[in-house]
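Chemist:
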Amino acid sequence: MKDIISTGKVVGVNGNMVTIEFDGEVLMNEVGYVKLNTPQGEKNLKSEVIRINGNRADLQVFEMTRGIGIGDVVELTRNLLAVTLGPGLLGQIYDGLQNPLPQLAEQCGFFLDRGVYLDPLPAKEWDFTPVVKPGDTVTRGDSIGTVPEGIFTHRIMVPFNLLDTYKVKSVVPAGSYPVSGKIAEIEDSKGTVYPLTMRFQWPVKRAIDAYTERLKPVDPMVTKVRLIDTFIPVAKGGTYCIPGPFGAGKTVLQQITSRNAEVDIVIIAACGERAGEVVETLKEFPELTDPRTGKSLMERTIIICNTSSMPVAAREASVYTAATLAEYYRQMGLDVLLLADSTSRWAQAMREMSGRLEEIPGEEAFPAYLESVIASFYERACLVRLKDGSTGSVTIGGTVSPAGGNFEEPVTQATLKVVGAFHGLSRERSDARKYPAIHPLESWSKYKGSVEFDKTEYARRVLYKGNDVAQMMKVVGEEGTSLDDYIVYLKSDFLDSVYLQQNSFDPVDNSVSVERQRHIFDVIFKILAAIFDFQVKDDARQYFNQLRQLFLDYNGSGWDTDEFTAKEKELLDLLSSKQKDIDETAAQMLETTR
Amino acid sequence: MRKVYSKIESIAGNVITVSADGIKYEDLAEVSSAHGRSLAQVIKLKDDKVALQVFAGGRGISTGDEVRFLGHPMRISFSDNLLGRIFNGGGQPRDNGPALTENMIEIAGPSVNPAKRIIPRNMVRTGIPMIDVFNSLVESQKLPIFSSSGEPYNELLARIAMQAEVDMIILGGMGLKYDDYLFFKDTLEEGGALSRTIFFVHTASDPIVECLLVPDVSLAVAEQFALQGKKVLVLLTDMTNFADAMKEIAITMEQVPSNRGYPGDLYSQLASRYEKAVDFEGAGSITILAVTTMPGDDVTHPVPDNTGYITEGQFYLKNGRIEPFGSLSRLKQQVNKDTREDHRALMDGMIKLYAAYKESMEKKSMGFRMSDWDTKLLKYGEIFEKELMALSVNIPLEKALDKGWEIFAECFMPEETGMRTELLKKFWPGKEEK
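Residue numbers (this note's numbering), protein chains in the order written: chain A, 964 to 1557; chain B, 2 to 435.
#1: Check for me: the alpha helix (DSSP H) holding residue 380 (chain B) runs from which residue to which?
#2: Given a limit of 8 Å on CB to CB distance, which residues of the segment 237-252 of chain B reach chain A?
#3: Could you spell out the range, first to last residue, of the alpha helix (DSSP H) harbouring residue 1074 (chain A)?
#4: Tell me whether the beta-carbon of residue 1181 (chain A) lies closer than 8 Å to the beta-carbon of residue 1227 (chain A).
#5: Starting from residue 315 (chain B), follow its DSSP beta bridges and name the residues at the other end.
#6: Taking 8 Å as the cut-off, does the segment 1323-1332 of chain A touch the segment 1358-1378 of chain A (at least 3 CB pairs, one atom from each stretch)?
#7: Measure the alpha-carbon distance for residue 315 (chain B) versus residue 1551 (chain A) and round it to whole angstroms.
#8: Could you tell me the distance, in whole angstroms, from the CA atom of residue 1187 (chain A) to the CA atom of residue 1216 (chain A)?
#9: Compute the distance between the beta-carbons of residue 974 (chain A) and residue 982 (chain A), then report whether it is under 8 Å.
#10: Taking one C-beta from the segment 41-58 of chain B and one from the segment 985-1001 of chain A each time, how about it: are there three or more such pairs within less than 8 Å?
#11: For the beta strand (DSSP E) that contains residue 1441 (chain A), what are its first and last residues?
#12: Among B:423, B:338, B:296 and B:318, whose alpha-carbon lies nearest the alpha-carbon of residue 391 (chain B)?
#13: Quick check on the DSSP output: what are the complete beta strand (DSSP E) runs of length 3 or more inside the segment 1309-1392 of chain A, in order along the chain?
#14: Evaluate residue 3 (chain B) with the Cβ neighbour count: other Cβ atoms within 10 Å of its Cβ, from every protein chain shown; 16 or more gives buried, anything less gives exposed.
#15: In whole angstroms, give me the CA-to-CA distance for residue 135 (chain B) and residue 356 (chain B).
#16: List in chain order: all unbroken beta strand (DSSP E) runs of 3+ residues lying wholly within the segment 50-94 of chain B.
#17: Between residue 1311 (chain A) and chain B, is the shortest Cβ-Cβ distance under 8 Å, so that the two count as touching?
#18: List the residues of chain B that residue 1075 (chain A) touches, going by C-beta distances under 7 Å, in chain order.
#19: Helix, strand or coil, according to DSSP, for residue 168 (chain B) in the structure here?
#20: Ordered along the chain, which non-local residues of its own chain (more than five positions away) have a Cβ less than 8 Å from that of residue 1421 (chain A)?
#21: Which of the three DSSP states, helix, strand or coil, is assigned to residue 256 (chain B)?
#22: Would you decide whether residue 1021 (chain A) is buried or exposed? Buried here means 16 or more other CB atoms lie within 10 Å of its CB.
#23: DSSP has residue 1004 (chain A) in a bridge; who is on the other side?
#24: Can you tell me whether residue 1059 (chain A) is buried or exposed? The criterion is at least 16 other CB atoms within 10 Å of its CB, across all chains shown.
#25: How about residue 977 (chain A): is its C-beta nearer than 8 Å to some C-beta of chain B?
#26: Closest to residue 332 (chain B) by CA distance: which of B:125, B:13 and B:6 is it?
#27: Using Cβ-Cβ distances below 7 Å, what residues of the segment 1250-1262 of chain A are close to chain B?
#28: In terms of alpha-carbon separation, which member of A:1113, A:1062, A:1544 and A:1443 lies closest to residue 1256 (chain A)?
#29: Please go through the same chain and pick out, in chain order, the residues whose beta-carbon is closer than 7 Å to the beta-carbon of residue 39 (chain B), but skip the five residues on each side of it.
#30: Against chain A, with Cβ distances strictly below 8 Å, would residue 324 (chain B) count as a contact?
#31: Relative to the alpha-carbon of residue 1 (chain B), which residue among B:148, B:404, B:246 and B:420 has its alpha-carbon at the smallest distance?
#32: Taking its Cβ as the centre, do 16 or more other Cβ atoms sit within 10 Å of residue 435 (chain B), making it buried, or is it exposed?
#33: How do the segment 1091-1099 of chain A and the segment 1167-1177 of chain A stand: do at least 3 beta-carbon pairs fall below 8 Å, yes or no?
#34: Could you tell me whether the Cβ of residue 233 (chain B) comes closer than 8 Å to any Cβ of chain A?
#35: Can the beta-carbon of residue 311 (chain B) be found closer than 8 Å to that of residue 267 (chain B)?
#36: Measuring CA to CA, which of A:1436, A:1403 and A:1417 is closest to residue 1561 (chain A)?
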């Protein structure tokens, strides 16, 4: 798998960085292997050139560096750090360098041995159907043929690194072929012939750009979390971040999203977090069925897993590995969601390396290029029109783990500058067991949601006012609050408890379709807009308690069932029993949308 | 025979430099000085210069002292002979027993393949109701005990060491006061638990480098025992001292500090230790309980903060009790469904009423009039704190649950507790007999 071009010799070791002296040429960011003699035999440790100075180069080693000595040989490959693309990626569990972990476990047992690199693609045969014939002209990214991969049609494409225009010389007839077998030959303008297989490599740190144009993300990426889809939506091809202190439910929110999101493929990058949490996903996903396809959820998922105790340099690479795989499937006209948990650990990996390189530190010792690196990572999310006219998208959602839960820190701030939506988790809400613990007033989104913006803004204003009244009530008590203010407070509390909060353990409430969100939001809107006829606060409170209880039952009843219709009628009857008028602004909104 | 080098070129803090060749990264060496011998570890190689961290510290080392390289990284002997013994961070005996040299194993080995991990499923019973009932400890869990300096965290650890239903205990002490070290030793000896315990102790007066080795040595030994099928509980006290030792060394090494002087890799360093907690399918397990003192009782301090992001919950020790509100065991759901049918409901019910008690206390302290309900709650809170929360209580889970019902019956009418009717029928004391 590796072609050795030149070699060097180790002249220094410091943590996971080695310095080598080389003859000949060295390429920035090329991959090298440190040859290490151990009692178990020779091992080759993968590493990457990260600085070149004269005839010396610094390499970050993706493995433990114990036992490396001065004079050890380093082989340089002339290739950038790359991943293998081809059919068979779906359902896999990789480490940050695309090493398949289950296969590694078969070979090495409980522990992750150094220097073992396995083929990321399973050696199996695929049913290939050609879509080109000899004589056709193709360029990079064009399909040569397709293979069925689970529920998807996997396009076998001209490798993205072939930049010329090519003529198809030969292509195999439809049939079953091994993943590494030759399926076609193409010839460039100078007459050189390239044999093609179903697989090729692409460097992880370069975004795949074999498309016609980038489009503006508009369609919502439905997560089936009411608070997100209605108030702080995410668009397909957009970006969002979830910062929050520990224990506020970042990982749980991502797990819920990875299950319910309405996208074709989900790529989970568990980056520097607890191994235990990944294990839950690993063990549960094969058991869960995807409601959209009826197949196991694992068939649409790829897990990149570089947990906190795995080598830190590979952690830095893992988010890029995930992004590259996402872009590859985007090239097939699919919608891909990339969930990175957590980008803070990725930034910390950069900080560690920067420290070893003795670079001048920026804020909190993060490197000065932190912001631009974060920005270029999130910029890999996009909606694109492909050459055949179809569209594909990569949506990126990253969690951030700010130190002390304080959002005024470099990683959160750098992330907020570049994302399209901010889902800030709050300790207060998670302590009060209000899940999802996204703070509805502090969070924002620049994307268009599934519910009319005017109406959600109206609801948001109720939340703001209710929050103000609640603050005031803490000082002056319930007695000092006017009845009108008190009703606003009850309305906002009602909206919070029946719409913003969602019970992830309830079989119905755990995922709410957009259709249902629109429908029940209309009911809520009527309640928020109603002007009520109450004499005393106790009446109002009791009434709202009743409403809430009914609405929670309504939330728990299946969509479009008789129970659902019955509950809705009960709710609306209860509403009209006390309603004397409707708020004027709201009435206008109802008028225009009708 | 290995070459001996007798020209030390620089000594800065605990780090010495010699010119040598054929040396491997992280190899050990022995430095012989007028004050005795000490081990040292290679921490940096640059051309022919080898930087070594001397475990006993740089003080008293002369430029003419001998450095002899051993040709292997840090290792520790592993066998059943370790049981009942006390060692320092470097693995040398501190109990006058013989040094152990057979079956040497490397410390700080590779991490476990996530694909080989399993979902935790067994509870570790400790006999402490605040843990067993309210925040169950689960095999392979990693939990810190957050506490401020004056709290009886070492007493708590000692109790857990004596009572926990595990095969063996490994106690790693970092920066322990000598008194605390003796306290642990005496308590376990009196309780008869010494024979299933291994100590790795670094006291406050020992060289700081040895402090860094304690978690690695403890966990390496634990890992071997776990692979042999033992259920191992590793108790570490105090991880803040460990982090401070790391800080001290990083600063003398002129590394760029990140947050309050701690090195930028604090998270990774802590994680690589805590992540050793594991349940090996078909073999044993490692469970980690680690004291983390919070300077200034501040949970946002870098050490508890980073720890919270790594561990699976935390016990919050306050005013001599495990506080039910700040504490959380993220894995308790995995086990408390299979104990007894009333476990979860009772856990929630008791905490809800205890929260109500706290509100009543607040009202009382502000001089409001107490209603009948408030008086009931005040009584409940007091009994709850005395009979279940106190650290001295040592009863098995089932007894603790029964005790919970008794407390309910003493303070409330059945319908006031908010418990489900079928549970009330089955468990409310005094009814089913008649």
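Cβ coordinates follow ideal geometry from the N, Cα and C atoms, glycine included.
Modeler: Concretely, from the data shown:
#1: 373-385
#2: none
#3: Taken as a continuous stretch (DSSP letters only), residue 1074 (chain A) belongs to no alpha helix (DSSP H), as it is neither H nor E.
#4: no
#5: B:329
#6: yes
#7: 52 Å
#8: Computed Cα separation, rounded: 11 Å.
#9: yes
#10: no
#11: Where residue 1441 (chain A) is concerned, there is no enclosing beta strand (DSSP E), given that its DSSP letter is neither H nor E.
#12: B:318
#13: 1345-1348 and 1354-1363
#14: exposed
#15: Distance from the CA atom of residue 135 (chain B) to the CA atom of residue 356 (chain B), rounded to whole angstroms, is 14 Å.
#16: 50-55, 67-74 and 76-78
#17: yes
#18: 111, 112 and 114
#19: coil
#20: 1488, 1491, 1492, 1548, 1549 and 1552
#21: coil
#22: Residue 1021 (chain A) is buried by the Cβ-count criterion.
#23: A:1001
#24: buried
#25: For residue 977 (chain A), the answer is yes, since a Cβ of chain B falls inside 8 Å of its Cβ.
#26: B:125
#27: none
#28: Minimum Cα-Cα distance from residue 1256 (chain A) among the listed residues A:1113, A:1062, A:1544 and A:1443 corresponds to A:1113.
#29: 32, 55, 56 and 57.
#30: With 8 Å as the cut-off, residue 324 (chain B) does not count as an interface residue toward chain A.
#31: This structure gives no information on residue 1 (chain B), because the portion of chain B shown stretches from 2 to 435.
#32: Confidence at residue 435 (chain B) is low in this model, with a pLDDT of 35, below 50, so its placement is unreliable and the value that follows should be read with caution. Exposed, since its Cβ has fewer than 16 Cβ neighbours within 10 Å.
#33: no
#34: no
#35: no
#36: Residue 1561 (chain A) lies beyond the range of chain A shown here (964 to 1557); nothing can be said about it.
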